[in-house]
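J.: These protein sequence lines map, in sequence, to chains D and C. Take the first sequence: its letter number 350 is residue 350 in UniProt numbering, and every next letter is one higher. Take the second sequence: its letter number 18 is residue 18 in UniProt numbering, and every next letter is one higher.
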Amino acid sequence: MSIQVQNIHKAFGDFIALDNLTLDFPSGELVALLGPSGCGKTTLLRVIAGLEQADSGRVLLDGDDASDTHVRERQVGFVFQHYALFRHMTVFDNVAFGLRMKPRGIRPSESEIKRKVHELLQLVQLDWLADRFPAQLSGGQRQRIALARALAVEPRVLLLDEPFGALDAKVRKELRRWLRRLHDELHITSIFVTHDQEEALEVADRVVLMNHGRVEQIGSPAEVYQQPATPFVYGFLGAANRFEGRSSAGGIAIGKATLTAEQHAQHGEVIAFVRPHELDIVRQEFGHGIPARVSRVLTLGALTRVELEGRDDVAGQHFDVELPASHPLAGSLIAGEPVRLQPRSVRVFANPETAGAA
Amino acid sequence: MAAITANLYAQHDRAALLESRQATREAPWVKYTILGVALTFFAVFLLLPLAVVFAEALAKGWETYLDALVEPDALSAVKLTLLAAVISVPLNLVFGVAAAWAITRFDFRGKQLLITLIDLPFSVSPVVAGLIYVLVFSSHGWIGPWLLEHDIKVIFAVPGIVLATVFVTVPFVARELIPLLQAQGREEEEAAVVLGARGWQVFWHVTLPNVRWALLYGVILSNARAMGEFGAVSVVSGHIRGETNTLPLHVEILYNEYQFAAAFAVASLLALLALVTLAVKSWIEWRAAQAHD
C-alpha cells in the first residue's frame with residue numbers, strides 16, 4: 001500500500017515538530033526516516049499511524065484520505081522502540097491479541113488463531129518461546145515478538161519506531177539483516193525511524209533525511225551518501241571535517257591559507273566538507289594547505305586516526321584524518337608536530353547563514 | 001505504594017548482600033542500636049496495645065466476650081458498618097479508577113484541581129468532613145428544609161453515615177493507581193489500539209491486568225478505613241443505639257458506660273479486621289513483587 005503525506009504540520013507548543021511536510025512512500029518499499037533526535041521523524045511515523053493528530057495536512061493511505069479513519073481501522077502494524085509487549089500475557093497471547101480483538105463476525109476460530117500464531121512465531125524463528133512471558137526474553141527476542149504481533153493482523157503497512165534503538169550493538173546488526181530478509185519475503189510497505197545512519201544506509205531501499213521538521217534529502221542509500229544535497233546531510237552521514245571560508249581562484253580561502261579544491265559552482269561565503277579519509281597530511285610547517293598541529297595519534301586496528309588542532313587562521317578548530325595503519329606517516333607522526341592539510345576531495349556548499357544575509 | 005513495596009522486596013536482597021561483605025558491613029553496635037530502637041518502639045506503641053485489646057476483651061471470660069458480640073445493639077452496629085463499607089468501597093473503586101484514568105491519560109482543564117481535591121479527605125480533619133455534611137443536609141442546613149418536605153432523612157440516619165464514609169475513603173484507590181499508571185505509560189495501550197482493540201477492550205485486557213494488584217491494595221485500605229472511621233461518622237450519626245451506631249461508635253458508647261470488657265470485645269473485632277487487612281495486604285504486596293519480576 002502506498003502512503004502519501006501532504007502538507008503535514010504539527011507543533012507542540014512553540015516547538016515545530018513537522019514543518020509543512022509532503023512525502024510519498026511508494027508501495028512495497030522499505031524506507032528509512034533518518035535524522036537527529038527531535039527532527040520530527042517519530043512524530044511523522046505516529047501521525048501516519050494515527051497515534052498523533054497533525055495540526056493540518058492530510059495522510060493518504062492507498063490514495064484515500066485517512067485523516068478521519070480511527071487508528072484501529074487504518075490496518076497499520078506498529079513496532080515500538082521499547083517493544084510495548086503486554087507484560088501479563090505469554091508470547092502466544094501477545095501475538096494472538098490482534099486476532100482475538102476482532103469483532104465476533106470476522107474473528108477467526110481459536111484453532112485458526114493457534115495455527116496462525118505458530119506460523120508467525122516460526123517466521124520470526126521463536127516458536128519455542130510461545131509459553132514464556134515477555135520479561136523472560138532478551139531484548140532482541142522481544143522485538144521479534146513485537147514484530148510478529150504487528151504482522152498478525154495482516155497490516156497494509158508496517159511502521160517501526162527506532163526498532164533496534166534499545167538493543168546492544170551486536171544484536172542490532174543481526175536484527176538489521178534479519179529485517180531486510182523479512183521485508184524481501186513479505187514486500188509489505190514499511191517505514192522505519194532511526195537516528196543511526198549506518199542502519200538506514202544498510203537496510204533501507206530509500207532514505208529520507210529529516211532535520212528540524214523538514215525533509216533535507218530523499219534518495220537511495222548510495223545517492224544520499226555520495227551526493228549529499230545539503231551541508232546537514234553531508235555532516236550527518238559519516239564523519240566530516242568542516243571548513244568555512246570564501247570561494248577563490250585556487251579553492252577556498254580561509255584567512256591566508258587556501259583549501260585546494262577543484263571547480264565548484266559556489267561563490268562567496270561557503271562551507272566545505274572533507275571526509276577524514278580524504279584529507280592528506282603534509283609534513284611541513286609552511287607551504288600550501290591548512291595549517292594544523294598533531295595532537296594525538298590513535299591506532300584502531302587497520303586504521304590510524306590522527307587528531308589535529310588548527311593553527312593560525314583556523315586556530316581552535318578540530319580536524320580528524322584517517323590513514324591506513326600501513327601508511328608511512330601512521331607510525332612516525334609525533335604529537336605537537338606542525339603540519340599542513342591538503343584535501344583529495346572537497347564538497348562545497350553555499351554558507352546558508354551568510355547567504356541569507358546577502 | 002504497591003510498586004514501592006515491590007521495590008522494597010528487591011532491595012531486601014541488596015541489603016543482605018551488603019551485610020554479607022566485610023568491606024560494606026556496618027559496625028555491630030550501630031546495627032543493634034538501630035534495631036533495638038525500632039523494635040522497642042514497635043513493641044511499646046504497636047504490639048502492646050493490640051495485646052491489651054485482646055487481653056481485656058477476654059478478661060471476664062469467653063461468655064462475656066461472646067455475649068457482648070451477639071447482643072442486638074452490637075449486631076446492629078456490625079450490620080451498619082458492613083453496609084457502609086459495601087456501599088462506599090465499590091463507589092470509590094469506580095471513582096478511583098475513573099479519576100486515575102482521566103488524570104493519567106487525558107489533558108483537560110482543572111486536572112490539577114482534581115488531583116488536589118482527591119487528597120482533600122486526607123488533609124482535612126474527619127470531624128470537619130462530618131460537619132460539612134451536617135451543614136448541608138441537617139434541618140437548618142442548605143437543603144435540609146427541602147429534604148424535610150420530601151421526608152428524606154440524611155443526617156442522624158444511615159445515608160449520612162454512608163456519605164461520610166464515602167468522603168473519607170475517596171483517595172485510597174485513586175492514589176494507588178495514579179503513580180502506577182503514570183509509570184507504566186501508554187505504549188501498551190497504544191499497541192492494543194493499533195492492533196484493533198476498542199476502548200473497553202483496551203481497558204479490560206491491557207490496563208486493568210497491569211494494575212490489578214495496586215487496585216486490590218487500594219480496595220483493602222479503603223475497606224479498612226471505611227469500617228474503622230470514627231470522626232466523620234460520629235458527627236453525622238446522632239448515636240442512636242441499634243440504628244445509627246457503627247462499630248467504632250459502639251465501642252465508644254460501651255466504654256463511656258464503663259462496660260470495659262464489652263467495649264474491648266467489640267474493639268477486638270476491629271482489631272481482627274486490622275490483622276486480616278494486614279495479612280491480605282502483605283499477600284498482595286508479595287504477589288505484586290512477583291508480578292514485577
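Glycine included, every Cβ here is placed at the ideal spot set by N, Cα and C.
1. Going by the CB atoms, is the gap between Leu30/D and Asp196/D shorter than 8 Å?
2. Among the residues of its own chain, which have a CB less than 6 Å from the CB of Pro126/C, if the five just before and after it don't count?
3. Give every residue of the same chain whose Cβ lies closer than 8 Å to the Cβ of Pro108/D, excluding the five residues on either side of it in the sequence, and list them in chain order.
4. Is the shortest distance between the beta-carbon of Leu151/D and the beta-carbons of chain C less than 8 Å?
5. Mind pulling the chain C residues with CB within less than 9 Å of Met1/D?
6. Please report the distance separating the alpha-carbon of Gly255/D from that of Gly331/D.
7. Along the chain, where does the alpha helix (DSSP H) containing Val158/C start, and where does it finish?
8. Among residues of its own chain, excluding the 5 on either side of Ser222/C, which ones have a beta-carbon nearer than 7 Å to its beta-carbon?
9. Nearest CA to the CA of Val203/D: which residue from Val215/D, Met210/D and Ala222/D?
10. According to DSSP, is Arg242/D helix, strand or coil?
11. What residues in the stretch 186-204 of chain C bring their beta carbon closer than 8 Å to a beta carbon of chain D?
12. What are the boundary residues of the beta strand (DSSP E) that includes Pro343/D?
13. Taking Asp73/C as part of the alpha helix (DSSP H), name the residues at either end of that continuous run.
14. Quick one: which chain D residues come within Cβ less than 9 Å of Asn210/C?
15. Three Cβ pairs or more, each shorter than 8 Å: is that satisfied between the stretch 55-68 of chain D and the stretch 5-14 of chain D?
16. Going by C-alpha distance, which of Gly213/D, Phe273/D and Leu323/D is nearest Asp14/D?
17. What are the uninterrupted segments assigned as alpha helix (DSSP H) that are 4 or more residues long and contained completely in the stretch 198-265 of chain C, given in chain order?
18. Determine the DSSP secondary structure at Phe12/D, reduced to helix, strand or coil.
19. Can you tell me whether Gly356/D is helix, strand or coil according to DSSP?
20. Residues of the stretch 92-110 of chain C with a CB closer than 8 Å to any CB of chain D: list them in chain order, please.
21. In terms of residue numbering, what span does the alpha helix (DSSP H) encompassing Pro49/C cover?
22. What's the C-alpha gap between Ala355/D and His267/D?
23. Which residues of chain C have a Cβ atom closer than 9 Å to the Cβ of Leu51/D, listed in chain order?
24. How about Pro338/D and Arg305/D: do their beta carbons lie closer than 8 Å?
25. Are the CB atoms of Val79/D and Leu160/D nearer to each other than 8 Å?
26. Using DSSP with H/G/I as helix, E/B as strand and the rest coil, what is Ala350/D?
27. Select from the stretch 69-84 of chain D all residues with a C-beta closer than 7 Å to any C-beta belonging to chain C, and list them in chain order.
28. Is the beta carbon of Leu158/D sitting closer than 8 Å to the one on Gln141/D?
29. Taking the alpha carbon of Ser67/D as the reference point, which residue from Gly77/D, Arg46/D and Phe192/D has its own alpha carbon closest?
30. In angstroms, rounded to a whole number, what distance separates the CA positions of Asp280/D and Ala150/D?
31. Examine the Cβ distances between the stretch 257-272 of chain C and the stretch 51-58 of chain C and report whether three or more of them are shorter than 8 Å.
32. Is Phe12/D close to chain C, meaning its C-beta is less than 8 Å from at least one C-beta of that chain?
33. Is the Cβ-Cβ distance between Pro291/D and Arg340/D less than 8 Å?
34. To which residues does DSSP link Glu322/D through a beta bridge?
35. For Met210/D and chain C, any beta-carbon pair shorter than 8 Å?
36. Taking only the alpha-carbon atoms, compute the straight-line gap between Thr24/C and Leu18/C and give it to the nearest angstrom.
T.: Result, derived from the coordinates:
1. no
2. Val168, Gly231 and Ala232
3. Leu99, Lys102 and Lys116
4. no
5. In chain order: nothing, as chain C lies at least about 15 Å away.
6. 31 Å
7. Val158 to Thr169
8. Val89, Asn92, Thr169, Phe172 and Val173
9. Ala222/D
10. strand
11. Glu187, Glu188, Glu190, Ala191, Ala192, Val193, Val194, Leu195, Gly196, Ala197, Arg198 and Gln201
12. Pro338 to Pro343
13. Pro72 to Arg105
14. Phe86, Arg87 and His88
15. yes
16. Gly213/D
17. 199-202, 208-228, 231-237 and 247-256
18. strand
19. Legend: pLDDT at Gly356/D = 43, less than 50; position of this residue unreliable, value from coordinates given subsequently. Reduced to three states, the DSSP call for Gly356/D is helix.
20. none
21. Leu48 to Ala57
22. Caution is warranted here: a pLDDT of 47 is assigned to Ala355/D, below 50, making its placement in the model unreliable, and the coordinate value is therefore given only provisionally. Cα to Cα, Ala355/D sits roughly 10 Å from His267/D.
23. Glu190, Val193 and Val194
24. no
25. yes
26. strand
27. Val71, Arg72, Val76, Phe78, Phe80, His82 and Ala84
28. no
29. Arg46/D
30. 50 Å
31. yes
32. no
33. yes
34. Arg305/D
35. no
36. 6 Å
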